[in-house]
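Residue numbers (the working numbering), protein chains in the order written: chain P, 21 to 437; chain A, 17 to 333.
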């Protein structure tokens with residue numbers, strides 16, 4: 021049997037047979053599903069709010085919402101409107117309500133106490149008393165809602181008719197149209213984009229670290245020298261990278277299988293899979309393979325240069341920086357998927373595998389950009405391999421101190437192949 | 017017959033300091049060659065260069081008549097000084113992995129591995145994880161991993177260090193058996209008594225230079241005719257002035273050890289001693305031991321002796 025194949029097989033079997041691999045493979049989708057379910061449940065729960073209102077303006081401001089009118093902000097969803105309870109302007113009563121807000125009594129379940137100033141028409145002053153004043157979304161909607169009502173009141177004071185008022189205050193109705201013509205896939209593409217971003221980030225860091233730690237272990241257990249007498253350093257490097265890569269693909273394959281099984285029950289999210297463009301899946305896989313190659317090779321070299329996981333954590337920090345950078349840049353990328361930042365990130369082999377699938381989900385990138393990004397990766401992998409295997413070969417038996425930056429450069433420049 | 021391993025003018029420097037400086041030697045089938053030297057003398061570096069684990073700066077290494085490649089690696093068995101096993105692998109799985117890695121078919125690897133395990137009394141431990149074995153048994157597994165593919169060239173770096181007396185004996189027996197079966201064996205050691213007993217040829221290294229090299233007979237012959245050890249009273253004057261004696265040294269028990277010059281024989285010294293009226297308690301011709309040669313040529317504190325390793329402190333007190 022081929023030597024590399026023997027190493028690949030051993031690495032694959034060692035990982036796949038481990039209990040932790042089996043547990044992680046089964047638990048991860050359950051955990052992710054659980055988190056998503058929990059979020060959805062929390063989101064649905066939060067739609068309902070009850071506010072106590074003290075209206076000192078004497079304008080009898082109509083805060084109450086109804087589905088038919090007075091709901092331009094779409095605050096009422098389904099049958100869970102916001103409820104506004106009017107309270108007398110009595111210090112004792114207000115004290116009592118505030119106490120209720122503070123305690124969050126089950127029966128009252130008040131989100132906040134709203135006090136409308138008596139000169140609200142002039143100064144626009146409204147007090148919002150709540151346990152949580154950081155719920156920006158609820159407050160934003162409320163502020164907008166009050167604004168519109170107040171504007172209507174002010175206009176009424178100028179004797180405008182109801183029809184004129186509604187003409188004056190009618191809002192813009194902006195329809196969002198994707199010029200690439202894939203309007204119906206927008207949500208799906210965003211979800212697929214983010215899912216692939218998350219998957220790539222997770223798999224590359226987890227499996228990259230696994231390879232790195234594997235080499236540190238082989239080095240500290242001294243089995244490396246036994247191997248080196250029967251197989252070259254390059255073959256060991258390739259064997260491990262491919263072997264661990266296969267376990268990673270196996271895990272993903274099992275998840276896809278679970279997804280297909282789950283899809284038979286036609287859950288609510290099923291449409292995402294069926295309507296998402298096929299290319300999204302293909303590009304996710306292509307970028308995953310290329311990204312894995314880049315990171316696993318570099319992290320192998322890091323593992324070879326270190327004698328303990330603690331050293332490796334330090335030395336691998338700069339390697340993981342591009343991943344953290346891509347995460348930090350994600351909001352900017354989302355705002356402008358075809359902007360300058362996105363373009364730069366798509367051309368760096370250490371960031372493109374992680375951001376590209378997400379970016380391609382968010383916007384239609386020009387074909388040349390996709391081709392260039394993949395080409396850069398494909399060209400840089402052999403270069404990274406040459407450098408990584410040089411560092412690997414020169415330092416795999418070194419049991420001393422972790423080399424510093426200038427020593428690493430020296431090794432990279434050395435003529436030993 | 018062409019040598020199995022041929023090394024010519026090998027050089028390797030680390031940061032300008034030579035670790036190996038112009039070493040050259042051959043190892044033929046059925047012979048056992050020893051590399052002797054202190055730590056840092058260049059033994060392990062030489063071995064690693066032979067195995068192509070590190071690259072020499074210059075020089076020539078050929079194994080089976082060519083440079084080391086994937087195929088030739090399959091014909092070499094290597095036992096590194098730092099022993100290493102996959103701790104979480106089952107014994108038999110590890111041996112199969114090592115066998116297949118050296119090009120053995122799976123079935124054959126299994127047959128040979130089981131035979132070796134039986135022979136070394138590990139037959140019932142084949143499914144155990146390696147880290148469940150005692151240190152002595154792990155050493156046996158390591159040795160089987162070195163031999164499983166029946167290599168024609170065996171390279172053993174300190175093969176007997178860290179072994180208990182029983183395993184040391186077993187290892188020695190197996191290594192000699194391999195040599196007698198026509199394998200070429202090269203090992204580094206610092207146990208000189210053992211080296212003396214086992215080796216056909218010896219290479220003593222000092223700071224990367226081969227200071228002594230040749231067959232046992234050659235080395236002894238080159239070193240000189242040995243010593244004269246004399247004990248008694250009134251012998252000092254004669255011994256310190258006799259022209260046959262190059263230099264002399266007083267040992268712990270009062271014995272005087274004399275190095276003889278090349279041309280004169282001990283007979284004349286004995287006669288001179290008797291004539292001077294000295295009382296002689298002991299008069300011995302001593303052949304130089306490997307240890308003596310090592311001390312003389314390589315210097316420093318001699319290597320540990322095998323016996324010293326084995327005798328507990330209480331017994332010698």
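Each residue gets a CB set at the ideal place from its N, CA and C atoms; glycine is no exception.
These numbers were taken from a predicted model, which means no experiment stands behind them.
Report task. With distances taken Cα to Cα, identify the nearest neighbour of residue 256/A among 276/A, 268/A, 87/A. Result -> Within the second chain, residue 256/A is the residue found at index 240, counting from 1. The option with the nearest alpha carbon to residue 256/A is 276/A.
Query raised in the report: Mind checking whether residue 69/A and residue 249/P have CB atoms under 8 Å apart?
Result: Taking the first residue of the second chain as position 1, residue 69/A is located at position 53. Taking the first residue of the first chain as position 1, residue 249/P is located at position 229. Yes, they are a contact pair.
**Report entry** CB-CB length for residue 14/P against residue 349/P, believed under 8 Å
**Finding:** No answer is possible for residue 14/P: the residues shown for chain P start at 21 and end at 437.
Query raised in the report: Between the beta-carbon of residue 411/P and the beta-carbon of residue 428/P, is there less than 8 Å?
Result: Translated into positions along the first chain, residue 411/P becomes position 391. Translated into positions along the first chain, residue 428/P becomes position 408. Against a cut-off of 8 Å, the Cβ pair of residue 428/P and residue 411/P comes out as a contact.
Query raised in the report: Using 8 Å as the limit for Cβ to Cβ distance, is residue 23/P near chain A?
Result: Counting from one through the first chain, the residue named residue 23/P turns up at place 3. At least one chain A Cβ lies under 8 Å of residue 23/P.
Query - Listed by chain order, chain P residues near residue 98/A by CB distance under 7 Å - result: Along the second chain, one-based indexing puts residue 98/A at 82. Near residue 98/A (Cβ distances below 7 Å), the residues of chain P are 242, 245.
Query raised in the report: At least one CB of chain P closer than 8 Å to the CB of residue 101/A: is that the case?
Result: Residue mapping note: residue 101/A aligns to position 85 of the second chain, counting from 1. For residue 101/A, the answer is yes, since a Cβ of chain P falls inside 8 Å of its Cβ.
Report task. Check whether the Cβ atoms of residue 217/P and residue 374/P lie closer than 8 Å to each other. Result -> Residue mapping note: residue 217/P aligns to position 197 of the first chain, counting from 1. Residue mapping note: residue 374/P aligns to position 354 of the first chain, counting from 1. Closer than 8 Å, so yes.
**Report entry** Where residue 203/P falls: helix, strand or coil (DSSP)
**Finding:** Along the first chain, one-based indexing puts residue 203/P at 183. With a pLDDT of 49 at residue 203/P, under the threshold of 50, the modelled position of this residue cannot be trusted, and the question is left open.
**Report entry** Alpha carbon of residue 99/A to alpha carbon of residue 224/A, nearest angstrom
**Finding:** Here residue 99/A corresponds to residue number 83 of the second chain, with the count starting at 1. Here residue 224/A corresponds to residue number 208 of the second chain, with the count starting at 1. Taking the straight line joining both Cα atoms gives about 24 Å.
Report task. For the beta strand (DSSP E) containing residue 245/A, list its first residue and its last residue. Result -> Here residue 245/A refers to the residue found at position 229 when the second chain is read from its first residue. Its beta strand (DSSP E) spans residues 243-249.
**Report entry** Pairwise C-alpha distance: residue 408/P and residue 371/P
**Finding:** Residue numbering aside, residue 371/P sits at position 351 when the first chain is read from its first letter. Residue numbering aside, residue 408/P sits at position 388 when the first chain is read from its first letter. Residue 371/P and residue 408/P: Cα-Cα distance of roughly 18 Å.
Query raised in the report: From which residue to which residue does the alpha helix (DSSP H) around residue 95/A run?
Result: Position 79 of the second chain, counted from the first residue, corresponds to residue 95/A. Here residue 95/A belongs to no alpha helix (DSSP H); instead the beta strand (DSSP E) covers 92-95.
Query raised in the report: Going by DSSP, what residues sit across from residue 70/P in a beta bridge?
Result: Numbered from its first residue, the first chain carries residue 70/P at position 50. Partner(s): 103/P.
Requested in this report: Return the residue from the list 302/A, 67/A, 85/A, 149/A that minimises the CA-CA distance to residue 239/A.
Outcome: Locating residue 239/A in the second chain gives position 223, where the first residue counts as 1. Looking at the Cα atoms, 302/A is the closest of the given residues.
Query raised in the report: Does any C-beta atom of chain P lie closer than 8 Å to the C-beta of residue 94/A?
Result: On the second chain, position 78 is the one that residue 94/A refers to. So yes, residue 94/A belongs to the interface.
Requested in this report: Output, in chain order, the set of chain A residues within a Cβ distance shorter than 8 Å of residue 26/P.
Outcome: By 1-based counting over the first chain, the position of residue 26/P is 6. Result: 113, 116, 117.
Query - Cutoff 8 Å: residue 161/A Cβ touching any chain P Cβ - result: Within the second chain, numbered from 1, the residue matching residue 161/A stands at position 145. Yes - at least one Cβ of chain P is within 8 Å of the one on residue 161/A.
Query - residue 61/A burial status per 10 Å Cβ neighbour count (16 or more: buried) - result: As a position in the second chain, residue 61/A is number 45, starting the count at 1. Burial call: buried.
Query raised in the report: Span of the beta strand (DSSP E) holding residue 426/P?
Result: Along the first chain, read from residue 1 onward, the residue named residue 426/P stands at position 406. From DSSP, residue 426/P is part of no beta strand (DSSP E) but of the alpha helix (DSSP H) over 425-433.
Query raised in the report: Cα separation between residue 417/P and residue 107/A?
Result: Along the first chain, one-based indexing puts residue 417/P at 397. Along the second chain, one-based indexing puts residue 107/A at 91. Each residue's Cα considered, the two are about 24 Å apart.
Requested in this report: From the DSSP output, in three-state form, read off residue 159/A for me.
Outcome: Residue mapping note: residue 159/A aligns to position 143 of the second chain, counting from 1. In the structure shown, residue 159/A sits in a helix (DSSP, three-state: H, G or I).
Query - Status (buried if at least 16 other CB within 10 Å, exposed otherwise) for residue 61/P - result: For the purposes of this step, residue 61/P is taken as residue 41 along the first chain, with counting starting at 1. Looking at its Cβ environment, which holds fewer than 16 other Cβ atoms inside 10 Å, residue 61/P is exposed.
Query raised in the report: Expressed to the nearest angstrom, what Euclidean distance is found between the alpha-carbon atoms of residue 309/P and residue 95/A?
Result: Here residue 309/P is taken as the residue at index 289 of the first chain, counted from 1. Here residue 95/A is taken as the residue at index 79 of the second chain, counted from 1. So the two alpha carbons sit approximately 37 Å from each other.
Report task. Please go through the same chain and pick out, in chain order, the residues whose beta-carbon is closer than 8 Å to the beta-carbon of residue 103/A, but skip the five residues on each side of it. Result -> On the second chain, position 87 is the one that residue 103/A refers to. Taken in chain order, the residues that qualify are 145, 146, 147.
Query raised in the report: Got a sec, what are the start and stop residues for the alpha helix (DSSP H) residue 291/A sits in?
Result: Position 275 of the second chain, counting from 1, holds the residue named residue 291/A. Counting along the chain, the alpha helix (DSSP H) containing residue 291/A begins and ends at 282-291.
Requested in this report: Inspect the CB distances between the stretch 156-174 of chain P and the stretch 71-87 of chain P and report whether three or more fall short of 8 Å.
Outcome: yes
Requested in this report: Quick one: residues in its chain with C-beta nearer than 6 Å to the C-beta of residue 363/P, no 5 flanking neighbours on either side, listed in chain order?
Outcome: What you label residue 363/P is simply residue 343 of the first chain in a count that begins at 1. Cβ within range, chain order: n/a, list empty.
Query raised in the report: Per DSSP, residue 82/A forms a beta bridge with which residues?
Result: If you number the second chain from 1, residue 82/A lands on position 66. For residue 82/A, which the question treats as bridged, DSSP gives the partners 79/A.
**Report entry** Rounded separation between residue 141/P and residue 156/P - CA only
**Finding:** Mapped onto the first chain, residue 141/P falls at position 121. Mapped onto the first chain, residue 156/P falls at position 136. Spanning the two alpha carbons is a distance of roughly 24 Å.
Query raised in the report: Since residue 190/A and residue 159/A are thought to touch, with beta carbons under 8 Å apart, how far apart are those beta carbons, to the nearest angstrom?
Result: Taking the second chain and counting its residues from 1, one reaches residue 190/A at position 174. Taking the second chain and counting its residues from 1, one reaches residue 159/A at position 143. With a Cβ gap of about 7 Å, residue 190/A and residue 159/A count as contacting.
Report task. Would you kindly work out how many angstroms separate the C-alpha atoms of residue 321/A and residue 121/A, rounded to a whole number? Result -> Residue numbering aside, residue 321/A sits at position 305 when the second chain is read from its first letter. Residue numbering aside, residue 121/A sits at position 105 when the second chain is read from its first letter. With a pLDDT of 41 at residue 321/A, under the threshold of 50, the modelled position of this residue cannot be trusted; read the value that follows with caution. Their Cα atoms are separated by approximately 42 Å.
Query raised in the report: Can you check whether the CB of residue 74/A is closer than 8 Å to the CB of residue 132/A?
Result: Counted from its first residue, the second chain places residue 132/A at position 116. Counted from its first residue, the second chain places residue 74/A at position 58. The answer is no: Cβ separation not under 8 Å.
Query raised in the report: Does residue 86/A get closer than 8 Å to chain P when you measure Cβ to Cβ?
Result: Residue numbering aside, residue 86/A sits at position 70 when the second chain is read from its first letter. Cβ-Cβ to chain P under 8 Å: yes for residue 86/A.
Query raised in the report: Is the Cβ of residue 142/A closer than 8 Å to any Cβ of chain P?
Result: In the second chain, counting from the first residue as 1, residue 142/A sits at position 126. No, residue 142/A does not count as interfacial toward chain P.
Report task. Just tell me which of 138/P, 223/P, 55/P, 405/P has its CA closest to the CA of residue 343/P. Result -> For the purposes of this step, residue 343/P is taken as residue 323 along the first chain, with counting starting at 1. Minimum Cα distance to residue 343/P is reached at 223/P.
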